[in-house]
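Chains as they are written, first to last, in the numbering used here: chain A, 179 to 752; chain B, 179 to 752.
Everything on this sheet refers to the single structure shown next.
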């Protein structure tokens, strides 16, 4: 077996992403129109049309399609008129938290309320309390608003961005489209290489989900990579440049304090956050306290002019299982709690980044400590990876931890791709990471008892049970892949109507047998278990009287024909 | 983006598996020699040689290589002489449980004790108590013994087998070799198509891990697929045929009782186990109790002649999230507990199969109930899948559930491949399923606090931190894939010595910075946090005195050269 066969992704950049129609056949982007004050909000969903005449509407982060009305090349700006009409609060404060605390349900809040199936007032309360973040820079009118908080659907973030060894603006824009198509709720542009400003501009103008960045990377470019030369002025200048472009949240490693660094001395893998290591080095070089910490209120003043949310970085997160939940990590978390309270004093929105690498038995402690230290601010972990031994599969090692931490109360999950620890992800890696994390987030939503999320599982399982193969594909997270896998063994069109699959063949299909028993029960007007038991006895007599076949002869012949067609096509394609 | 690019596996059967040396470069199968009574046991491990001169020995299920001494085409039979020397107990009983209860530590027990790092006496106690199963048909001398139980490493099973729409004996044998190479601890041959006897024979003779089957499939072939014509005589004849071939454990759906079937009437997906639906239909057709239940003691009598273990099938497992943990499922589980006690009366080994599809919040209940109902017999779940919406990715939806249920106390995890619900897995799907489940089992072992399992995480993380790229690949679950991913961005050989990767590039590597701080601390003889803090102050002065570079100039130049080499090769390959 050649190893090229064993890898999941082809080398090099991928061609442009598929259209919505190609990615999700039988789906359509619809808009739910909601009147809010003087505005009519157009809240998107994706409608999946099923072959039984019904449809299922699902949450959709993919952004407007060209045919939705905007001229080609001009991205729609659903938020522009809301932003223009709104008057800033005290000190030019335009944050959603500021409005929420003044009792205002903004258009953004009404919009996300429709997406989440709750009231605008509930959204307002959660934002006012700091339990939810609604990332919405006033300079990013392209955003379709979304909300991150423990009482809402679990969200996922996809990281994109180039590095010094690989760079292309078009490729990054394609990754954004690709990530949001498959379900990313926010995107972080982590570029560190060339064209950092232009890449971010292109990303923002083509992105209908909130965009996050780590401004430290660009600040460091401004001092030619010399960490010791960083200072608060350069940093604030960078923040303003990025806030003006429309970045919705900033990862800022203000919790890495001088006194924390020695706590990492016994670690197996030291400091693995790029921002964390930069600030640790700065602190060492100057033997002074982290300037992001000492000047934190100046940063808050800037954030509230634009409504950029904090994503307080966990610069001391563990980089391996051995370092999980250690003193350094939790000492920083306490500092992040302190900073959260300062930001909230300015009505600036805050979420808290989390680990990293954590064994399953120590995941819950992270959520509990975060809630305790940070007053319920949304938690935004990376993974966590539950073992270190599977580079190449860290989307899986971490989807396990992500699903669990999502269930335990996390608000947004930062994805990990198969390339983690090995290389820069390409578009296909981005897709693999997004799908793994949609699975984790959805599993968490179900475990939390979200009935709207469960509708999709039930619709798909019903389609599966009724042998509606097309519907099973269309309801899945990745219809083209589900179809391609089915085609590999049974490519004949007739197989898509068949009441069996290649796993069991036609004689061993448990669902076929169950379905038949059920139909009989329905025909007899039997619905509950007791009545079915009586029906079973009747059917037992019918079986014995009528010979061997469970199905009527027409049905048997039809299935045999489907099998024969499938088999002959199979032989034909060799 | 073309969807063929998006699928993880190529169509059609894969070529023959790689050799051990190609799959695991820098590894070697070694044997730990252990004297036990008159025998010298040769217990395998895989030794991973590292570039720092050390090595790590890991559990190895891959079986002997041809160069290990056996003539080509003649599989080694490590158990032959043990079996021949041993005298059966009462009534011809040769089960490991029988010997264990008589106080005998068999060669098999001593063998697995070495593999697990415990005493033979501990193994004996666990087997005697029914808390562990050591599957070891006396007609399968090719097996390298392994143990399944909650106080041992979590194991994984890979299902292989053809169906009516696809069939090739060679392909199935390749799947077995491929599955055990990547880490399957047992293999189940679920063939239902042609050549069912010959396929099983080929599998058994080429398989050094225990093999399980579902004998009902062949029994049904013997009555030409007419479920109503099944009876205990045909079934016992089939059991004997397969036991004579050497099958180590049988899935038998003896817990599907007539009274349970109506409990499935409100289910969304009815009965999804093939064996379960067959027995449900049989019960309906005859309106009689399941003959596997009523004749269970006759089955036990046969099993103990060979030491075939029961894997009591959960014929009423849920087939979707909506049906999880329902009355039908748990009613059957109680019956399985009753059957367990009967089997133990005969000293026949038992494990219990489990679901299926279960949301995360309801997984633990399954383990608790199983322990309660079945007296601690090893639990052997399929997955469970934690959501239904991702056909094409059910190795991931289920690895989440598998890791959790493993942590909660499960003994063996039955894998799920990406083709689940869509088609018959090929060799590449088998590999994807095995790797996902090795991740789940390993994460569970770590969460349970197994220090031997953790050694590998720590060794890999240490290699990562020290930029020993080759060691990082070699310690991983899938070295060729890890290497291929690294090569995609940085194919130059120099990049394998580089102190950075393509994710961050050379200027943003947190590990590089941390490593440097550490080296400094070591040079100064500083080890604890307090001393490091003092050292940091000194270093801070050194930084300010000595200019900007954290690294000495030689180091900087070396890294720049590696980057330049990587970049030029990158351009060269376009």
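Where is the CB? At the ideal position from N, CA and C, for every residue including glycine.
Residue environment, residue i, which counts as buried when at least 16 other CB atoms sit within 10 Å
{"i": "residue 295 of chain A", "result": "exposed"}
{"i": "residue 754 of chain B", "result": "One cannot answer for residue 754 of chain B here, as it falls past the ends of chain B, which runs 179 to 752."}
{"i": "residue 404 of chain B", "result": "exposed"}
{"i": "residue 348 of chain A", "result": "exposed"}
{"i": "residue 281 of chain A", "result": "exposed"}
{"i": "residue 402 of chain B", "result": "exposed"}
{"i": "residue 375 of chain A", "result": "exposed"}
{"i": "residue 361 of chain B", "result": "buried"}
{"i": "residue 332 of chain A", "result": "buried"}
Alpha-carbon to alpha-carbon, residue j and residue i
{"i": "residue 507 of chain B", "j": "residue 213 of chain A", "result": "48 Å"}
{"i": "residue 605 of chain A", "j": "residue 350 of chain A", "result": "8 Å"}
{"i": "residue 589 of chain A", "j": "residue 318 of chain A", "result": "22 Å"}
{"i": "residue 504 of chain B", "j": "residue 571 of chain B", "result": "25 Å"}
{"i": "residue 529 of chain B", "j": "residue 490 of chain B", "result": "6 Å"}
{"i": "residue 657 of chain A", "j": "residue 392 of chain B", "result": "32 Å"}
{"i": "residue 627 of chain A", "j": "residue 501 of chain B", "result": "15 Å"}
{"i": "residue 324 of chain B", "j": "residue 335 of chain B", "result": "12 Å"}
{"i": "residue 586 of chain B", "j": "residue 410 of chain A", "result": "49 Å"}
{"i": "residue 424 of chain A", "j": "residue 293 of chain B", "result": "58 Å"}
{"i": "residue 833 of chain A", "j": "residue 522 of chain B", "result": "Outside the modelled stretch of chain A, which goes from 179 to 752, sits residue 833 of chain A, for which no answer is possible."}
{"i": "residue 275 of chain A", "j": "residue 303 of chain A", "result": "9 Å"}
{"i": "residue 440 of chain B", "j": "residue 377 of chain B", "result": "37 Å"}
{"i": "residue 662 of chain A", "j": "residue 560 of chain B", "result": "24 Å"}
{"i": "residue 729 of chain A", "j": "residue 463 of chain B", "result": "Its pLDDT being 30, under 50, residue 729 of chain A is placed unreliably in this model, and the coordinates cannot settle the point."}
{"i": "residue 236 of chain A", "j": "residue 209 of chain A", "result": "12 Å"}
{"i": "residue 739 of chain B", "j": "residue 674 of chain B", "result": "Model confidence at residue 739 of chain B stands at a pLDDT of 47, short of 50, so the residue's coordinates are unreliable; what they give is reported in the following sentence. Roughly 13 Å between the two C-alpha positions."}
{"i": "residue 654 of chain A", "j": "residue 469 of chain A", "result": "48 Å"}
{"i": "residue 479 of chain A", "j": "residue 396 of chain A", "result": "20 Å"}
{"i": "residue 239 of chain A", "j": "residue 407 of chain B", "result": "54 Å"}
Cut-off 7 Å between Cβ atoms - residues of its own chain near residue i, not counting five sequence neighbours on either side
{"i": "residue 620 of chain A", "result": "631"}
{"i": "residue 356 of chain B", "result": "195, 605, 608 and 609"}
{"i": "residue 599 of chain A", "result": "569 and 572"}
{"i": "residue 474 of chain B", "result": "432, 517 and 520"}
{"i": "residue 243 of chain B", "result": "198 and 207"}
DSSP beta-bridge partners of residue i
{"i": "residue 207 of chain B", "result": "B:224"}
{"i": "residue 427 of chain A", "result": "A:390 and A:487"}
{"i": "residue 305 of chain B", "result": "Answer is none; residue 305 of chain B lacks a bridge partner."}
{"i": "residue 333 of chain B", "result": "B:590"}
{"i": "residue 218 of chain B", "result": "B:213"}
{"i": "residue 535 of chain A", "result": "A:563"}
Chain E within 8 Å of residue i, Cβ atoms only
{"i": "residue 420 of chain B", "result": "In the structure shown, chain E cannot be found, because the protein chains are A and B."}
Contact set for residue i: own chain, Cβ-Cβ below 6 Å, skip 5 residues either direction
{"i": "residue 187 of chain A", "result": "With a pLDDT of 37 at residue 187 of chain A, under the threshold of 50, the modelled position of this residue cannot be trusted, and the question is left open."}
{"i": "residue 688 of chain B", "result": "none"}
{"i": "residue 421 of chain B", "result": "484 and 486"}
{"i": "residue 652 of chain B", "result": "204 and 226"}
{"i": "residue 330 of chain B", "result": "294"}
{"i": "residue 725 of chain A", "result": "Residue confidence for residue 725 of chain A is low, a pLDDT of 39 falling below 50, so the modelled location carries little weight; the figure read from the coordinates is stated next. If we look at residue 725 of chain A and ignore the five residues flanking it on each side, it has no Cβ neighbours."}
{"i": "residue 380 of chain B", "result": "347 and 351"}
{"i": "residue 646 of chain B", "result": "229"}
Proximal residues to residue i (C-beta, below 8 Å), its chain only, five neighbours per side dropped
{"i": "residue 650 of chain B", "result": "638, 641, 642 and 660"}
{"i": "residue 512 of chain A", "result": "551"}
Contact set between the stretch 436 to 457 of chain A and chain B, restricted to residues whose Cβ is under 7 Å from the partner: Those residues of the stretch 436 to 457 of chain A placed with their C-beta closer than 7 Å to a C-beta in chain B are 439, 440, 441, 443, 446, 447, 448, 449, 450, 451, 452, 454 and 455, ordered along the chain.
So if I threshold CB-CB distances at 8 Å, which residues from the stretch 611 to 636 of chain A count as touching chain B? If the cut-off is 8 Å between Cβ atoms, the stretch 611 to 636 of chain A has 613, 614, 616, 617, 618, 620, 621, 622, 624, 625, 626, 627, 632, 634, 635 and 636 near chain B.
If you measure beta-carbon to beta-carbon, which residues of the stretch 538 to 570 of chain B are closer than 7 Å to chain A? Those would be 538, 539, 564, 565, 566, 567, 568, 569 and 570, in chain order.
Chain B contacts from the stretch 646 to 659 of chain A (Cβ-Cβ distance under 8 Å): Interface annotation for the stretch 646 to 659 of chain A against chain B: 650, 651, 653, 654, 655, 656, 658 and 659, criterion Cβ-Cβ distance under 8 Å.
Give the residues from the stretch 208 to 234 of chain B that approach chain A closer than 7 Å (Cβ to any Cβ), ordered along the chain. The residues in question: there are none.
The stretch 369 to 385 of chain A: which residues have C-beta closer than 7 Å to a C-beta of chain B, in chain order? In summary, the residues of the stretch 369 to 385 of chain A whose CB is separated from some CB of chain B by less than 7 Å are 370 and 371, in the order they occur in the chain.
Closer than 7 Å, Cβ to Cβ, to anything on chain A: give me those residues from the stretch 658 to 676 of chain B, in chain order. Hits within the stretch, in order: 658, 659, 660, 662, 663, 664, 666, 667 and 668.
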